[in-house]
Amino acid sequence: MQGKVVLITGATNGIGEVTARELAKRGATTVIVGRNEEKTRQVAAAIKQQTGNQQVDYFIADLSIMDQVRQLAQDFKAKYNQLHILVNNAGALFTNRHLTPDGYEMTFALNHLSYFLLTNLLLDTLKSTGTPNEKARIVNVSSSVHYSAKLDFDNLNGEKRFNGLSAYSVSKLENIIFTYELDRRLKEEGANVTANALHPGVVNTGFGKNNGGFAGLVAKGVMAVMRLFQISAEEGAKTTIYLATSPDVEGISGSYFEKCKPKKSSQESYNQDHWRRLWEISEELTGLKQHA
Ligand SMILES: NC(=O)c1ccc[n+]([C@@H]2O[C@H](COP(=O)([O-])OP(=O)(O)OC[C@H]3O[C@@H](n4cnc5c(N)ncnc54)[C@H](OP(=O)(O)O)[C@@H]3O)[C@@H](O)[C@H]2O)c1
Numbered sequence: 241m242q243g244k245v246v247l248i249t250g251a252t253n254g255i256g257e258v259t260a261r262e263l264a265k266r267g268a269t270t271v272i273v274g275r276n277e278e279k280t281r282q283v284a285a286a287i288k289q290q291t292g293n294q295q296v297d298y299f300i301a302d303l304s305i306m307d308q309v310r311q312l313a314q315d316f317k318a319k320y321n322q323l324h325i326l327v328n329n330a331g332a333l334f335t336n337r338h339l340t341p342d343g344y345e346m347t348f349a350l351n352h353l354s355y356f357l358l359t360n361l362l363l364d365t366l367k368s369t370g371t372p373n374e375k376a377r378i379v380n381v382s383s384s385v386h387y388s389a390k391l392d393f394d395n396l397n398g399e400k401r402f403n404g405l406s407a408y409s410v411s412k413l414e415n416i417i418f419t420y421e422l423d424r425r426l427k428e429e430g431a432n433v434t435a436n437a438l439h440p441g442v443v444n445t446g447f448g449k450n451n452g453g454f455a456g457l458v459a460k461g462v463m464a465v466m467r468l469f470q471i472s473a474e475e476g477a478k479t480t481i482y483l484a485t486s487p488d489v490e491g492i493s494g495s496y497f498e499k500c501k502p503k504k505s506s507q508e509s510y511n512q513d514h515w516r517r518l519w520e521i522s523e524e525l526t527g528l529k530q531h532a
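If you count by our numbering, then the sequence shown holds residues 241 to 532, one letter each, in order.
And the structure:
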C-alpha cells in the first residue's frame with residue numbers, strides 16, 4: 241500500500257478504526273475522518289504508534305451535516321491530489337427521529353446522504369488517480385439488515401412513520417442501491433474506479449450504544465443479547481480490508497460482499513428504477529446538482 245492514499249470515515253471506533261490501522265500497517269497514507277477532534281487526534285496518534293507509519297492524517301467532520309461533508313472534501317483536496325481508496329463506513333442507528341440542521345432525518349443523512357455526497361465530491365480525484373491496471377476503489381459499508389428493507393420514496397425522511405431499526409435497514413439498502421447506480425455510471429464513462437458494498441458481519445463495536453431513553457435501553461438490551469453472537473472488530477473489518485486492498489477484486493465493481501465473497505443482495509436492491517430515482521433525489525437534497 242506504499243504510495244497509496246486512503247480515506248476512511250468513522251475511523252475513530254469499531255470497524256473503521258481497525259480498517260485504518262490495517263491499511264496504515266500496510267504502508268498507505270491513511271487519512272481518517274472523525275467528528276470529535278480530541279478522539280480523532282488520539283486515534284491517529286495511536287495508529288502511528290502501533291504501526292510505525294507516520295503518514296497518518298485526520299480531518300474533522302460531522303458527516304450528518306452536508307456543509308461539513310463539503311468542507312471535508314474541500315480540505316482533503318487542498319492537501320491531497322490523489323485518492324486510491326475511499327471507505328464510506330461512518331454509520332449509526334437512531335432509535336428516535338431527530339432532524340439534522342439541514343432538516344434531514346439523522347439515519348438518512350448520516351448513513352446515506354453522507355456516503356453519496358462525499359463520494360461524488362471526491363470522484364474527480366478518484367478518477368484521476370485510478371489507472372486501467374490499478375483502479376481507484378470505493379468501498380461502502382452496508383449491512384445484511386438491508387434484506388428486510390423496502391424503499392419508500394414517500395418516507396425517505398421518516399416523515400410519515402418512523403421506526404429506528406427500519407430506518408437503519410433502509411439506509412443500508414440505500415448504500416447498496418447507491419453503489420449499484422454509481423457503478424453503472426462509472427462503467428458508462430469508462431472510469432478507472434470501482435465501487436462495491438459489503439456486510440461486515442455482526443460485530444462487537446460501539447454500534448447501537450449511542451441511544452438514550454427507553455428505546456435506547458431496549459436497543460442496548462438487544463445489543464447485549466447480540467453480543468453473544470458477535471465477532472470482533474478485527475474479524476468484522478476483514479471484508480472491508482479485502483475490498484480495499486486485495487488483487488482478487490481488481491476491476492470487480494458493482495457487487496455486494498459478505499465474508500470476502502460476492503453475494504446476491506436483496507431483490508429490492510436490483511430495481512434499476514430505484515437506482516436512478518434515489519440518485520436524482522440525493523443529488524437534489526445534497527445540492528450536488530447546483531454545485532456541479
Ligand atoms: N457492528 C455491526 O454489527 C455492524 C453490522 C453491519 C453493518 N455495520 C456498519 O458498519 C459501519 C461501522 O459501524 P461500527 O459497527 O464500527 O460502529 P461504531 O463502533 O459505532 O463506529 C461508528 C463510527 O462512525 C462515526 N460516526 C458516528 N456518527 C458520526 C457523525 N455524525 N459524523 C462522523 N462520524 C460519525 C463514529 O464516531 P465516534 O467515534 O465519534 O462515535 C465511529 O467512528 C456502519 O456503517 C454500520 O452501519 C455494523
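Quick reminder that beta carbons are idealized off the backbone N, C-alpha and C, glycines included.
Next item on the list: Determine the direct distance from the alpha carbon of L326 to that of S472, and round the result to whole angstroms.
Entry: 23 angstroms
Margin query: Let's test the definition: count the other Cβ atoms within 10 Å of the Cβ of A435 and tell me whether it reaches 16, buried, or not, exposed.
Written below: buried
Note to self: Any heavy atom of ligand 1 closer than 7 angstroms to the beta-carbon of S383?
What the structure shows: yes
Check: Between F348 and ligand 1, is the CB less than 7 angstroms from at least one heavy atom?
Finding: no
Item checked: Inter-residue spacing [alpha-carbon to alpha-carbon] between A284 and A260 -> 9 angstroms
Margin query: Could you check whether the stretch 366-382 touches the stretch 316-335, counting it as contact only if at least three pairs of C-beta atoms, one from each stretch, sit closer than 8 angstroms?
Written below: yes
Note to self: A437 and K367 - do their beta-carbons sit closer together than 8 angstroms?
What the structure shows: no
Next item on the list: Would you kindly work out how many angstroms separate the C-alpha atoms of F469 and V442, rounded to a whole number?
Entry: Straight-line Cα distance between these residues: approximately 7 angstroms.
Check: Straight-line CA distance for G292 to T480?
Finding: 22 angstroms
Checklist line | Closer than 7 angstroms: I416 CB and nearest ligand 1 heavy atom | finding: Flag unset: Cβ of I416 not near ligand 1.
Notebook entry, point to check: Is the beta carbon of G494 less than 8 angstroms from the beta carbon of V433?
Noted result: no
Margin query: Considering only DSSP beta bridges, list what F497 is partnered with.
Written below: L438, P502
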